[in-house]
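> Residue numbers (our numbering): 4 to 355. Glycine residues also receive a C-beta, built at the ideal position from the N, C-alpha and C atoms. Since this is a predicted model, take the numbers as computed values, not measurements. Just passing along the structure, written as structure tokens.
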Amino acid sequence: MAKIQIGGAGGAPSNNFIRSLRESSRKDHLIGTTCVPADLFLADTEEKYVVPYATADNYSEKVLGLISKVRPDFIHLQNDYEVRAISRIRDKVVDLGIGLYLPDAETVENCVDKQKSYAIWKAAGVRVPETILLNNENDLKVAFEKLGPKIWIRAIEGGGGRGALPAENYEFAKIWIDRFKGWGTFTASELLSEKTITWQSIWFEGELVVAQTRKRRSWNFGNRTLSGVTGITGVGETCSDPLVDRIAQDAILAIDKRPHGIFSADMTYDFSGFPKPTEINIGRFFTTHYFFTKAGLNFPEIYCNIALDETFPVLEKKVNPLPDGLIWIRGMDREPVLTTVDELEKLERQAS
């Protein structure tokens, strides 16, 4: 039995990691940490601690002090900022005898910053949405001239569609960026379709261990945002597509020639039907990975078995081992449901 410390405990991404471990053959002692004290009431962990925000000046000091006291065997995070914060002090963490299963430090930096990812992909010839970093108002004007008449604006860091806006009016876009104080940290890109897909994978020292594709059929609460994007998947579906497999691996290998750890490649389809990489969720699983656990593919168990026991899964297929057409339906204050496309479409036909 290992002691595993999990950042963001009580939040949906980390709780899905915790649920997956609880339903696995592992019998670990779990330590939950978060910067949101109330979330700890929702965390199914043996120990619970509050830590500063990952971007706070005292985060490193407090976390190093905590782990020196509680002595976990392994740390896992489920938030970009915290993955990066721990990555930056990884040597100090490892010196305390605590395990990490993270990609290289440079890889983490290049993935958390979406503009850095874009530049690497562009240079490597990966087909990505044309993107301009908005340092000033003139850059915004150029973006409308080159990418318009309608463009996609978003922050270069953060998840959940942070700062995202489809814009076709210069003045409105300018006010939006001003509101976020986003000059130098926002980009403008060519507008893509609403179709999105994610290729979640675990790698070990350059070798692919397992990968599974999931497309998003809908966002929860998308009708309450200007962008339609919330980062909260309402309905997800397992699927497989050799083109998506290839593009995801091309995107990952362009960022890191020897991938190690978790790489979840997000892609959005352009209007010709081509999936273009938009970001890699690095060192963490996407929020709804419990979907795969309930379907029979427990990513957190595989990940911890490798990190803690050097035990690798025996799979008939490394890429997309789950059947296509499994559906995961979730919402606020409701237990998620695993079903199939056929069952969902029967009900959808009743409404037509």
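Use the C-beta contact count for Arg261: other C-beta atoms within 10 angstroms, 16 or more gives buried, fewer gives exposed.
exposed
> Can you check DSSP and say which residues form a bridge with Gln8?
Partner(s): Ile34 and Ile78.
> How far does the alpha helix (DSSP H) with Tyr84 in it extend, from its first residue to its last?
Segment Asp83 to Arg91, the alpha helix (DSSP H) holding Tyr84.
> Report the three-state DSSP secondary structure of Arg157 (helix, strand or coil).
Three-state DSSP puts Arg157 in a strand.
> Less than 8 angstroms between the C-beta atoms of Lys218 and Cys242, yes or no?
yes
> Between which two residues does the beta strand (DSSP E) carrying Ser192 extend?
Phe189 to Glu193
> Check whether chain B comes within 8 angstroms of Trp331, counting only Cβ atoms and requiring the distance to be less than that.
Judged by its chain identifiers, the structure shown contains no chain B, having just a single protein chain.
> Taking the straight line between their C-alpha atoms, what separation do you get for Ser38 and Lys349?
For the record, residue 38 in the displayed sequence is Cys; it is not Ser. Here the alpha carbon of Cys38 sits roughly 43 angstroms from the alpha carbon of Lys349.
> In angstroms with no decimal places, state the Cα-to-Cα distance between Phe224 and Phe294.
Bear in mind that a pLDDT of 49 at Phe224, under 50, signals an unreliable position, so the model cannot answer this.
> By the three-class DSSP mapping on this structure, what secondary structure does Glu282 have?
strand
> Inspect the beta-carbon positions of Thr236 and Thr291 and report whether they are closer than 8 angstroms.
By the CB criterion at 8 angstroms, Thr236 and Thr291 fall inside the cutoff.
> By Cβ distance below 6 angstroms, which residues in the same chain neighbour Ser196 in space, the five residues on each side in sequence not counted?
Tyr272 and Phe274
> What did DSSP end up calling Ser17 once you bin it into helix, strand or coil?
helix
> What did DSSP end up calling Phe274 once you bin it into helix, strand or coil?
coil
> So, at 8 angstroms on beta carbons, what are the nonlocal neighbours of Asp31 in its own chain, with the 5 sequence-adjacent residues on each side left out?
Met4, Ala5, Lys6, Ile7, Leu24 and Cys307
> With a CB to CB cut of under 8 angstroms and the five nearest residues on each side skipped, what residues in its chain are close to Ile154?
Ala146, Phe147, Pro169, Ala170, Glu171, Ala176, Ala191, Ser192, Glu193 and Leu194
> If we call anything under 8 angstroms between Cβ atoms a contact, is Ile332 one with Glu240?
no
> Looking at Ala251: is its Cβ nearer than 8 angstroms to the Cβ of Trp202?
Annotated as proximal: Ala251 and Trp202, with beta-carbon spacing under 8 angstroms.
> Which partner residues does Leu341 have in the DSSP bridge list?
Trp331
> Can you list, in chain order, the residues of its chain whose CB lies under 6 angstroms from that of Arg165, leaving out five sequence neighbours each side?
Around Arg165: Ala158.
> Whole angstroms is fine: what's the gap from Ile283's alpha carbon to Val115's?
8 angstroms
> Alpha carbon to alpha carbon, how far is Val111 from Ile78?
16 angstroms
> Mind checking Ser204: buried by the 16 CB within 10 Å criterion, or exposed?
buried
> Should Pro16 be labelled buried (16 or more other beta-carbon atoms within 10 Å of its own) or exposed?
With 16 or more neighbouring CB atoms inside 10 Å of its own CB, Pro16 falls in the buried class.
> Can you tell me the Cα-Cα spacing of Pro316 and Ile305, whole angstroms?
7 angstroms
> Just verifying my parser: in three-state terms, what is the DSSP assignment at Phe376?
Since the first and last residues shown for the chain are 4 and 355, residue 376 lies out of range.
> Let me know if Pro75 comes out buried or exposed under the rule of 16 or more other beta-carbons within 10 Å of its beta-carbon.
buried
> From Arg22 to Lys51, what distance separates their C-alpha atoms?
16 angstroms
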